[in-house]
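Worksheet for the structure shown next.
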């Protein structure tokens, strides 16, 4: 197994560790979760760069890399569901906004993964395209930003440095806007993936 694929496996192994730090009840766990997530996300950047620069791009890597990304980001959004992220904004709380965001993301990921399996059975490997990569970048940026905000809130609450109500609400809106942007780009990238590979999904073939 080459180095890029090993880095991808590291990201997969890091996912349950990240999930534990996110939902566990210990001091500054959100900051620890953010550090673990950033470390795992860096392997995504490194494995791609190494694979391209050293000519180590393989069909196995093309399949495993996006799967590892999905595992990591899905764990984060499930954690946000547990944490009820976004509930500080009225319309998110009243409509269970975070539930719908997670549903949209999971629906897209299952749909695209199923499409990849069908294409693979027909001898076609579907690599990540520009839209898929943009979706991953936005998802990871959203996740890191939300953890940074939650970590700051954790630090200030434990050190008795209370944030102003206006700043807290501004942070809540930042989280909501990022979540909505993520949901939209997730849907758009999923539609593009399926459209570009529609021939492989033709039931008559």
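Numbering (the numbering used here), first residue to last: 204 to 408. Note that the Cβ used here is the ideal one computed from N, Cα and C, for glycine as well.
Other residues of its chain near residue i: CB distance less than 6 angstroms, five sequence neighbours each side excluded
i	result
residue 396	315
residue 339	272
residue 343	244
residue 259	205 and 207
residue 238	none
residue 367	none
Buried versus exposed call for residue i [16 or more other C-beta atoms within 10 Å across all chains shown]
i	result
residue 380	exposed
residue 293	exposed
residue 333	exposed
residue 297	exposed
residue 269	buried
residue 262	exposed
residue 229	exposed
residue 216	exposed
residue 317	exposed
residue 385	buried
residue 361	exposed
Euclidean distance between Cα positions of residue i and residue j
i	j	result
residue 234	residue 310	29 angstroms
residue 323	residue 256	25 angstroms
residue 226	residue 240	13 angstroms
residue 204	residue 378	39 angstroms
residue 337	residue 208	21 angstroms
residue 273	residue 312	7 angstroms
residue 352	residue 374	7 angstroms
residue 327	residue 401	12 angstroms
residue 393	residue 321	15 angstroms
residue 295	residue 212	35 angstroms
CB of residue i within 8 angstroms of CB of residue j, strictly
i	j	result
residue 221	residue 271	no
residue 291	residue 372	yes
residue 382	residue 345	yes
residue 341	residue 388	yes
residue 236	residue 218	no
residue 349	residue 288	yes
residue 357	residue 231	yes
Cβ-heavy atom distance, residue i to the ligand GTP, below 7 angstroms
i	result
residue 320	No copy of the ligand GTP appears in this structure; indeed no ligand is present at all.
Sequence-distant residues of its chain with Cβ nearer than 7 angstroms to residue i (five each side left out)
i	result
residue 214	243, 246, 247, 271 and 275
residue 210	246, 249 and 250
>> Quick check: the region 298-312 against the region 241-254, are at least 3 beta-carbon pairs closer than 8 angstroms?
In response: Inter-segment contact for the region 241-254 and the region 298-312 is absent: fewer than three beta-carbon pairs are separated by less than 8 angstroms.
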